[in-house]
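Enquirer: When we follow the numbering used here, the leftmost residue of the sequence shown carries the number 32, and every step to the right adds one.
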Amino acid sequence: MKNIHTAIPRSLNIVIYKDKVLLLKGHSLKLHWANTFNCPGGHIEEGENVVESALRELYEETGINADRNQMKLKGFVHVKTYFNDSALMFIFLLRVTSVNTVDSEEGTLEWIPLNEIENMEQIAPDLKLLIPLVLNLKRGEIISGTSAYNSKRELNSLTVKTYKT
Numbered sequence: 032m033k034n035i036h037t038a039i040p041r042s043l044n045i046v047i048y049k050d051k052v053l054l055l056k057g058h059s060l061k062l063h064w065a066n067t068f069n070c071p072g073g074h075i076e077e078g079e080n081v082v083e084s085a086l087r088e089l090y091e092e093t094g095i096n097a098d099r100n101q102m103k104l105k106g107f108v109h110v111k112t113y114f115n116d117s118a119l120m121f122i123f124l125l126r127v128t129s130v131n132t133v134d135s136e137e138g139t140l141e142w143i144p145l146n147e148i149e150n151m152e153q154i155a156p157d158l159k160l161l162i163p164l165v166l167n168l169k170r171g172e173i174i175s176g177t178s179a180y181n182s183k184r185e186l187n188s189l190t191v192k193t194y195k196t
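#1: Is the beta carbon of Ala155 closer than 9 Å to that of Val127?
#2: Output yes or no for whether 9 Å exceeds the beta carbon distance between Leu53 and Thr139.
#3: Three Cβ pairs or more, each shorter than 8 Å: is that satisfied between the segment 169-179 and the segment 136-153?
#4: Could you tell me the distance, in whole angstroms, from the CA atom of Asn187 to the CA atom of Gly72?
#5: By Cβ distance, which residues of its chain are closer than 6 Å to Asn181, with the 5 residues on each side in sequence left out?
#6: Which residue comes first and which comes last in the alpha helix (DSSP H) that contains Lys159?
#7: Go through its chain and collect everything with a Cβ distance to Leu189's Cβ below 7 Å, but skip five positions before and after it.
This is the structure:
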């Protein structure tokens, strides 16, 4: 019998305002992703469901108090070798009508033009591919995939497929 594989559940929130995406530049003292842009999100706490986690992390890291009906689940990515663990990333999309945010202890927030994402250097590498994929999904589609990082936080692989729901 094979060993049972476990993955830590996490939420990833892609927040869009017009032609910009909200990214969090990790605090310089963070253990993981210091000085690197990432989407707001994080671990799902014990007893918390995925949507509640996404909403909580969004509020804690950005000050955005979204309604659960605004959060659109857009897919899942199994991230292998995520800081010596595996994570199952639940990807949400939120479109907002205002740019009011509040920085947190996690880092500073910046609205980045979507057309600049692919050329950014200090960004979690999979986001360069995932953000455009999510934004180009048609109604009733989700993504599901796998990715793997090496010990230097370099993206070794990312495979994503689109599915109809």
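By construction, the Cβ of each residue, glycine as well, lies at the ideal position given by its N, Cα and C atoms. The model shown is predicted, which means the values in this text are computed figures rather than measured ones.
Expert: In this structure, then:
#1: In this structure, Ala155 does not lie closer than 9 Å to Val127 by Cβ.
#2: Cβ distance not < 9 Å, so Leu53 and Thr139 don't count as in contact.
#3: Touching, no.
#4: Their backbone Cα atoms lie some 22 Å apart in a straight line.
#5: Around Asn181: Asn187.
#6: Where Lys159 is concerned, the enclosing alpha helix (DSSP H) stretches over 158-166.
#7: Asp157, Leu160, Gly176, Ser178.
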